[in-house]
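Protein sequence lines, in the order shown, are assigned to chains U and A. Take 22 as the starting number for the first sequence in this note's numbering and just add one per residue. Take 24 as the starting number for the second sequence in this note's numbering and just add one per residue. All C-beta atoms in this analysis are idealised placements derived from N, C-alpha and C, irrespective of residue type, glycine included.
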Amino acid sequence: MAKEMRKEIIELKEDVLKMAGLASNMLNDAVNALINTDIDLAESVKGNKEKLRKFDYEIEARALKTLTLYQPMAIDLRRIAAILKIITYLYRIGRYGKDIASVVKELTDTFTYSETTGIKHMWEHVSSLIEDAIESFDKAEITKIADFEERDDEVDQMRWSIFRETVSHMLEKPTHITHSAHFIMISRYLERCGDHACKIAEKVHYMVTGEHVEIS
Amino acid sequence: MINGKRNQKINGNQKEESNNKNKNDYVIRCQDINLWYDDNHALKDINMNIINNKITAIIGPSGCGKSTLIRVFNRMNDVIEGCRIKGDVIFDGKNIYGKNVDVRAVRSRIGMIFQKPNPFPMSVRDNITYGPRVHGLYDPKILDEIVEDCLKKAALWEEVKDRLKDSAIGLSGGQQQRLCIARALSIEPEVLLMDEPTSSLDPIATAKIEELCQELKKKYTVIIVTHNMQQAARISDYTGFMYLGEMIEFGRTEQIFENPHEELTENYITGRFG
Ligand SMILES: Nc1ncnc2c1ncn2[C@@H]1O[C@H](COP(=O)(O)OP(=O)(O)OP(=O)(O)O)[C@@H](O)[C@H]1O
Ligand SMILES: [Mg+2]
Numbered sequence: 022m023a024k025e026m027r028k029e030i031i032e033l034k035e036d037v038l039k040m041a042g043l044a045s046n047m048l049n050d051a052v053n054a055l056i057n058t059d060i061d062l063a064e065s066v067k068g069n070k071e072k073l074r075k076f077d078y079e080i081e082a083r084a085l086k087t088l089t090l091y092q093p094m095a096i097d098l099r100r101i102a103a104i105l106k107i108i109t110y111l112y113r114i115g116r117y118g119k120d121i122a123s124v125v126k127e128l129t130d131t132f133t134y135s136e137t138t139g140i141k142h143m144w145e146h147v148s149s150l151i152e153d154a155i156e157s158f159d160k161a162e163i164t165k166i167a168d169f170e171e172r173d174d175e176v177d178q179m180r181w182s183i184f185r186e187t188v189s190h191m192l193e194k195p196t197h198i199t200h201s202a203h204f205i206m207i208s209r210y211l212e213r214c215g216d217h218a219c220k221i222a223e224k225v226h227y228m229v230t231g232e233h234v235e236i237s
Numbered sequence: 024m025i026n027g028k029r030n031q032k033i034n035g036n037q038k039e040e041s042n043n044k045n046k047n048d049y050v051i052r053c054q055d056i057n058l059w060y061d062d063n064h065a066l067k068d069i070n071m072n073i074i075n076n077k078i079t080a081i082i083g084p085s086g087c088g089k090s091t092l093i094r095v096f097n098r099m100n101d102v103i104e105g106c107r108i109k110g111d112v113i114f115d116g117k118n119i120y121g122k123n124v125d126v127r128a129v130r131s132r133i134g135m136i137f138q139k140p141n142p143f144p145m146s147v148r149d150n151i152t153y154g155p156r157v158h159g160l161y162d163p164k165i166l167d168e169i170v171e172d173c174l175k176k177a178a179l180w181e182e183v184k185d186r187l188k189d190s191a192i193g194l195s196g197g198q199q200q201r202l203c204i205a206r207a208l209s210i211e212p213e214v215l216l217m218d219e220p221t222s223s224l225d226p227i228a229t230a231k232i233e234e235l236c237q238e239l240k241k242k243y244t245v246i247i248v249t250h251n252m253q254q255a256a257r258i259s260d261y262t263g264f265m266y267l268g269e270m271i272e273f274g275r276t277e278q279i280f281e282n283p284h285e286e287l288t289e290n291y292i293t294g295r296f297g
């Protein structure tokens, strides 16, 4: 029984890692599509929506089944509890990727270099948060998430600086208002993705130590 | 920074709990209990406190000393030849292993339910009136009241109220076990010791006993030995994990099952043992 349960938990974990790969690819591709105005890439991100949803509910169903069949305890229980939350955060991250991809079409002609550098810089921070959160989950190790609070604060600051920059841009060029508004939205999505990475880190911390922490 | 550090390791001997519990909350306190069956050292330096009106579960692999430990609480080991015990068990302010202790009085205040239901081969009613009669109670009206009261407390009244004169042996296993609980209650104990009380019962009878435990703890203190970890997790407030005669870890049940501090406990409850 215990052996089968462990096999099941290992497979669950592998599924979560696959889902994490898909979700972060969706976000990364969306931002790349935006920066390079690559409409095809943006479309492919949108096409992954169903696959992401399928991961979400399949992993959830499987995790619940493992809970009922084996009634795991201690680390096994915490791992499954963490997985049940983490997939929700991953799902959101992937969905934000899709949301960003959806506006790429409307942003092809008018934007300037300085706007994308702000977004790109922010995205690099956010995606490294996501990567570290996933790696910590994979290795059941919490050293990489120790500085998440500070790193998340930096992301917040970037978001506000993009906000201020974009607002002054709007004042200068009212014709660019729609597209500037999109940029504000995108920076908001990225900031949310950073928050979700922190949420994942909280669950990893719980999984590893048994203790609940609040990051930021 | 992330706040919150992993709790400092505590060992089984309940340092954490004893810090924030009033002495009066403990119904039984074990101090440095060591027990031998001839030269088999079956209990090693057990220090634990049983908290009033709570359910305490004792878990651990076969042969680790669970039954031996709960038999310590009402001196049931006395009758075993070659059994020696050292240490104090403080119950109601007195060491039950002290001088001039009336063992019968101790056993009447600390009742015991065994793994296999063992009703006496007599009627349902007589099973329950037996104890009170031994204690000199003969008034049939009072005995009737005791019978009804105990059977109700044991959640058996509705099922047997029309067959009180029938032999207890004709009851189902689950009913027999609840009858044994009713019998134990008939002498108004303060503590109920249960040694794997549901291991010979089906899930429905088991569920009834488990519900009953929740009811009983309002009035009594329950100590239950179980091999079923889910059962311990479901019904108990505190759990002690034993291994090779030692109390490895003792704590709040949620903590033991969600986040055990000792690796041995973790290995045992996650099935990574041996
Ligand atoms: N009456 C006895 N006489 C001699 N040795 C005993 C007696 N009862 C128990 N022992 C020994 O004491 C040790 C602890 O036994 P105990 O019955 O307390 O274990 P347990 O945890 O209740 O096991 P189980 O889960 O199988 O019921 C074992 O080594 C056992 O062989
Ligand atoms: Mg036993």
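- Task: Closer than 7 Å by C-beta to E277 (chain A): which residues in its own chain qualify, once you throw out the five before and the five after it? Chain order, please.
- Result: none
- Task: Could you check if F296 (chain A) is buried or exposed, using at least 16 other CB atoms within 10 Å of its CB as the buried criterion?
- Result: exposed
- Task: Would you mind stating whether I82 (chain A) and M270 (chain A) have Cβ atoms separated by less than 8 Å?
- Result: no
- Task: Let me know the secondary structure DSSP gives I81 (chain A) once reduced to three states.
- Result: strand
- Message: Would you say the beta carbon of V95 (chain A) is closer than 7 Å to some non-hydrogen atom of ligand 2?
- Response: no
- Message: I'd like to know if E39 (chain A) contacts chain U, where contact means its C-beta is closer than 8 Å to some C-beta of that chain.
- Response: Residue placement at E39 (chain A) is flagged as unreliable, the pLDDT there being 46, under the threshold of 50; the coordinate-derived value follows with that caveat. Closer than 8 Å: no.
- Item | Three-state secondary structure (DSSP) of S195 (chain A) | Collapsing the DSSP output to three states places S195 (chain A) in coil.
- Task: Taking only the alpha-carbon atoms, compute the straight-line gap between K160 (chain U) and V229 (chain U) and give it to the nearest angstrom.
- Result: In a straight line, the C-alpha of K160 (chain U) is about 10 Å away from that of V229 (chain U).
- Task: Starting from M99 (chain A), find everything on chain U with Cβ-Cβ shorter than 9 Å and list it in chain order.
- Result: Within 9 Å Cβ-Cβ: nothing; M99 (chain A) doesn't reach chain U, min ~30 Å.
- Is there at least one Cβ from chain A nearer than 8 Å to Q12 (chain U)'s Cβ? Residue 12 (chain U) is absent from the structure shown; chain U starts at 22 and stops at 237.
- Query: Within the present structure, is the beta-carbon of H250 (chain A) separated from the nearest heavy atom of ligand 1 by less than 7 Å?
  - Reply: Look at H250 (chain A): its beta carbon is less than 7 Å from one of the heavy atoms in ligand 1.
- What residues of chain U sit near R295 (chain A), judged by a beta carbon separation below 7 Å? A23
- Please list, in chain order, all residues of the same chain as Q54 (chain A) whose beta carbon is under 8 Å from its beta carbon, the five residues on each side excluded. N70, G110, D111, V112 and I113
- Query: What residues in its chain sit with their C-beta under 8 Å from that of E286 (chain A), if we drop five residues either side in the sequence?
  - Reply: none
- What residues match up with G231 (chain U) in a beta bridge as DSSP calls it? Answer is none; G231 (chain U) lacks a bridge partner.
- Query: Mind checking whether the beta-carbon of C87 (chain A) lies closer than 7 Å to any heavy atom of ligand 3?
  - Reply: Absence of ligand 3 is noted for the structure shown, with ligand 1 and ligand 2 being the only ligands found.
- Mind checking who S264 (chain A) pairs with in its DSSP beta bridge? Residue 264 (chain A) is actually Phe in this sequence, not Ser. A:I82 and A:E272.
- Query: Taking 8 Å as the CB-CB limit, is D97 (chain U) close to chain A?
  - Reply: True, the Cβ-Cβ gap to chain A drops below 8 Å.
- Do R99 (chain U) and Y227 (chain U) come within 8 Å of each other at the CB atom, strictly closer than that value? yes
- Query: DSSP state of C53 (chain A), grouped into three classes?
  - Reply: Three-state result, C53 (chain A): strand.
- Anyone know if the C-beta pair for L55 (chain U) and I121 (chain U) falls short of 8 Å? yes
- Of all the CB atoms in chain A, is at least one closer than 8 Å to the CB of G231 (chain U)? yes
- So, helix, strand or coil for L160 (chain A), using DSSP? coil
- Message: Just to confirm the assignment, what range does the alpha helix (DSSP H) spanning C236 (chain A) have?
- Response: P226 to L239
- Query: Under a three-way DSSP split, which group does R209 (chain U) fall into?
  - Reply: Helix.
- Using a Cβ-Cβ cut-off of 8 Å, state whether G219 (chain A) counts as contacting chain U. In the sequence as displayed, the identity of residue 219 (chain A) is Glu instead of Gly. By this cut-off, E219 (chain A) is not an interface position.
- Backbone CA spacing between R130 (chain A) and R98 (chain A) [nearest angstrom]: Looking at the two C-alpha atoms, the distance is approximately 8 Å.
- Report the rounded CA-to-CA distance for P283 (chain A) versus E219 (chain A), giving the unit in angstroms. 23 Å
- Query: Are the beta-carbon atoms belonging to F158 (chain U) and I107 (chain U) less than 8 Å from one another?
  - Reply: The answer is yes: Cβ separation under 8 Å.
- Message: Using CA atoms only, rank isn't needed, just tell me which of A:T288, A:P212, A:D115 and A:G116 is closest to L239 (chain A).
- Response: A:P212
- Message: Just to check my reading of the structure: K141 (chain U) and K70 (chain U) have Cβ atoms closer than 8 Å, yes? What is that Cβ distance to the nearest angstrom?
- Response: With a Cβ gap of about 24 Å, K141 (chain U) and K70 (chain U) do not count as contacting.
- Task: Determine, using beta carbons only, whether E281 (chain A) comes closer than 8 Å to chain U.
- Result: yes
- Item | Enclosing alpha helix (DSSP H) for R186 (chain A) [first to last residue] | In the DSSP annotation of this structure, R186 (chain A) is not part of any alpha helix (DSSP H), being labelled neither H nor E.
- For the 8 Å Cβ check, are there 3 or more pairs between the stretch 214 to 231 of chain A and the stretch 197 to 205 of chain A? yes
- Task: Return the CA-CA distance between Y266 (chain A) and E145 (chain U), expressed in angstroms with no decimal places.
- Result: 51 Å
- Query: How about M252 (chain A): is its C-beta nearer than 8 Å to some C-beta of chain U?
  - Reply: yes
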